[in-house]
Amino acid sequence: MAEASSQIAAGAPIVTVNHVSLDYRGDKEPLPVLADVSMTAGRDEFVAITGPSGCGKSTLLRIIAGLTKASGGDVGVLGSPVTSPRKEITMVFQNFVLLPWRTSLENVTFALSSRNDLSDAQKQEKAKGALDECGLSGFENVYPGELSGGMKQRVGVARALATDPVVMLMDEPFSSLDDLTAERLRKDIYSMLINPSTSVKTVIMVSHNVEEIIELADKVVVLSHRPAHVAGEVMVDLPRPRNKKSEEFFGWVDKVYALLS
Ligand SMILES: Nc1ncnc2c1ncn2[C@@H]1O[C@H](COP(=O)(O)OP(=O)(O)OP(=O)(O)O)[C@@H](O)[C@H]1O
Ligand SMILES: [Mg+2]
107 MAEASSQIAA GAPIVTVNHV SLDYRGDKEP LPVLADVSMT AGRDEFVAIT GPSGCGKSTL
167 LRIIAGLTKA SGGDVGVLGS PVTSPRKEIT MVFQNFVLLP WRTSLENVTF ALSSRNDLSD
227 AQKQEKAKGA LDECGLSGFE NVYPGELSGG MKQRVGVARA LATDPVVMLM DEPFSSLDDL
287 TAERLRKDIY SMLINPSTSV KTVIMVSHNV EEIIELADKV VVLSHRPAHV AGEVMVDLPR
347 PRNKKSEEFF GWVDKVYALL S
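Take the sequence shown: its position 199, counted from the start at 1, is 305 in the numbering used here, and no numbers get skipped.
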C-alpha cells in the first residue's frame, strides 16, 4: 500500500470520513455520540482532532481505525472503505498499551506477528530498525517496567512504525507525560512521521492540548459537545519550526479556543 499511497498528490485525501454517526447502546436508551462528522486527512497532512471532554474523539479515531463500526456514514482510506482493522492503519495510545512481560524488542516484533511475508530474522531486524529510529537503540532487551513514560511511548511509536503504516492515528499520545518529556517527544515524533523516508503519509492526532495542536498540526478539526458534529476547521498557516512564544502562535491558539467555547 505504501506504493499505492506514493502516487497520491500532496494534499489529496488519504482518509475520508463521510457523515459518520455513532450511537452507543446505553442501559435504557441509545447514547448518541457522533451526529454527523465529516473530515479528511490529506497526503503529508498532520491533522488534529479536538473537542470537549467526552464528545467522542476517541470513538471517532476507533472508527477510522476500523475497531468500532459506525452507525451511519462511512470511512475510506486510500479510496476503499474501512470496515475492519487494516494493515496500513495503525494507532498509538495514551497509555502505551505495552505487554509488561515482553521486552521492547518483543513488544515491537509482536506487532509483526501476522506478517507471514517476513521471516523471524526479518521481523527482528525491522523491529530493531524502528526502535533505533525512535531513539531506543540499546534498550531492545529492557522490559516496559524499567522504562520512563517517554521511553514507553517511544516503544509505542516504534511498534506502530514497524508495521509500515500509511495512516498513523494517535490518541492523546503525550498527555500522560511530564511537560519536558512531552515537548521533546513531540519534536522527535513530528520529524519522524513527516519524513519522506517513512511509510506514514498522514497523521491524525486526538488532543485536548491546544498549544500542542498549534505546534504540530496543519489542520485542526474541532468537534462540538456530544453528540458531536464538526464545529469548525482551522488550517494552521504558520511556518515551521513554530515559535511557541510568538504572538502569531497565540493568535492561532485563540482561533481554536473560539471554536471550542
Ligand atoms: N464502549 C462504549 N459503550 C458505551 N458508551 C461508551 C463507550 N465508549 C465510550 N462511551 C461513551 O461515549 C462518549 C464518548 O466517549 P469517547 O471516549 O469517544 O470521548 P472522548 O472525546 O475521547 O473523551 P475524553 O475527552 O475523555 O478522552 C462518552 O460519554 C463515553 O462515556
Ligand atoms: Mg478520548
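Even glycine gets a Cβ: it sits at the ideal position worked out from N, Cα and C.
Alpha carbons only, please: which of Ala115, Met274 and Pro279 is nearest the one belonging to isoleucine 170? Start at 1 with the first residue of the sequence shown, and residue 170 comes out as number 64. Ranking the options by Cα distance to isoleucine 170, first place goes to Met274.
What three-state label does DSSP hand phenylalanine 280 in the structure shown? Numbered from 1 along the sequence shown, position 174 holds the residue referred to as residue 280. Assignment of phenylalanine 280 by DSSP, reduced to helix, strand and coil, places it in the coil class.
Comparing C-alpha positions only, which one of Lys307, Ser297, Gln259 and Asp284 sits nearest to arginine 346? For the purposes of this step, residue 346 is taken as the residue at position 240 of the sequence shown. Comparing Cα-Cα distances from arginine 346 to each of Lys307, Ser297, Gln259 and Asp284, the minimum goes to Ser297.
DSSP state of aspartate 270 mapped onto helix, strand, coil: Mapped onto the sequence shown, residue 270 falls at position 164. The answer is coil: DSSP assigns aspartate 270 none of H, G, I, E or B.
Would you mind reading off the limits of the beta strand (DSSP E) that contains asparagine 124? Counting from 1 along the sequence shown, the entry for residue 124 is found at position 18. Note, asparagine 124: beta strand (DSSP E), 119-130.
Can you look up phenylalanine 202 in the DSSP assignment and give me helix, strand or coil? Working through the sequence shown from its first residue, we reach residue 202 at position 96. DSSP places phenylalanine 202 in coil when its eight states are reduced to three.
With hydrogens ignored, establish whether the beta-carbon of lysine 163 is closer than 6 Å to any heavy atom of ligand 1. The residue you call residue 163 lines up with position 57 of the sequence shown. Yes.
Rounded to a whole number of angstroms, what is the C-alpha to C-alpha distance between valine 123 and asparagine 247? As a first step, residue 123 must be located in the sequence shown, where it is residue number 17. As a first step, residue 247 must be located in the sequence shown, where it is residue number 141. Using only the alpha carbons, I get a separation of about 40 Å.
Jot down the residue ranges of each uninterrupted beta strand (DSSP E) in the segment 283-338, minimum 3 residues, whole runs only, in chain order. Those beta strand (DSSP E) runs which fall completely within the segment 283-338 and span 3+ residues are 308-312 and 325-329.
Within 10 angstroms of its Cβ, does glutamate 353 collect 16 or more other Cβ (buried), or is it exposed? Numbered from its first residue, the sequence shown carries residue 353 at position 247. It counts as exposed.
Rounded to whole angstroms, what's the CA-CA distance from alanine 337 to serine 144? Just pull it up for me. By 1-based counting over the sequence shown, the position of residue 337 is 231. By 1-based counting over the sequence shown, the position of residue 144 is 38. If you take the alpha carbons of alanine 337 and serine 144, they lie about 11 Å apart.
Just the C-alpha distance for proline 271 and isoleucine 195, rounded to the nearest angstrom, thanks. Position 165 of the sequence shown, counted from the first residue, corresponds to residue 271. Position 89 of the sequence shown, counted from the first residue, corresponds to residue 195. C-alpha separation (whole angstroms): 5 Å.
Consult DSSP for valine 186 and reduce its assignment to one of helix, strand or coil. The residue labelled residue 186 in the question sits at position 80 within the sequence shown. Strictly speaking, residue 186 in this sequence is serine, with valine absent from that position. Of the three classes helix, strand and coil, the one that applies to serine 186 here is strand, per DSSP.
I'd like the list of long-range same chain contacts for serine 190, defined as Cβ closer than 6 Å, with 5 residues on each side in sequence excluded. Within the sequence shown, residue 190 is the residue found at index 84, counting from 1. Excluding residues within five positions, the ones whose Cβ falls inside 6 Å are Gly172.
Locate the alpha helix (DSSP H) running through alanine 364, then write down its first and last residues. In the sequence shown, residue 364 corresponds to position 258, counting from 1. 353-366 is the span of the alpha helix (DSSP H), which, as asked, contains alanine 364.
Between the C-alpha atoms of valine 306 and leucine 184, what's the straight-line distance to the nearest angstrom? Walking along the sequence shown from the start, residue 306 turns up at place 200. Walking along the sequence shown from the start, residue 184 turns up at place 78. Straight-line Cα distance between these residues: approximately 13 Å.
For ligand 1, is there any heavy atom lying closer than 6 Å to the beta carbon of serine 369? The chain is shown from 107 up to 367; residue 369 falls before or after that span and cannot be answered.
When you compare the CB positions of leucine 365 and valine 328, do they come within less than 7 Å of one another, or not? Position 259 of the sequence shown holds residue 365. Position 222 of the sequence shown holds residue 328. Yes, they are a contact pair.
For the beta strand (DSSP E) containing threonine 156, list its first residue and its last residue. Taking the first residue of the sequence shown as position 1, residue 156 is located at position 50. Per DSSP, the unbroken beta strand (DSSP E) holding threonine 156 starts and ends at 151-156.
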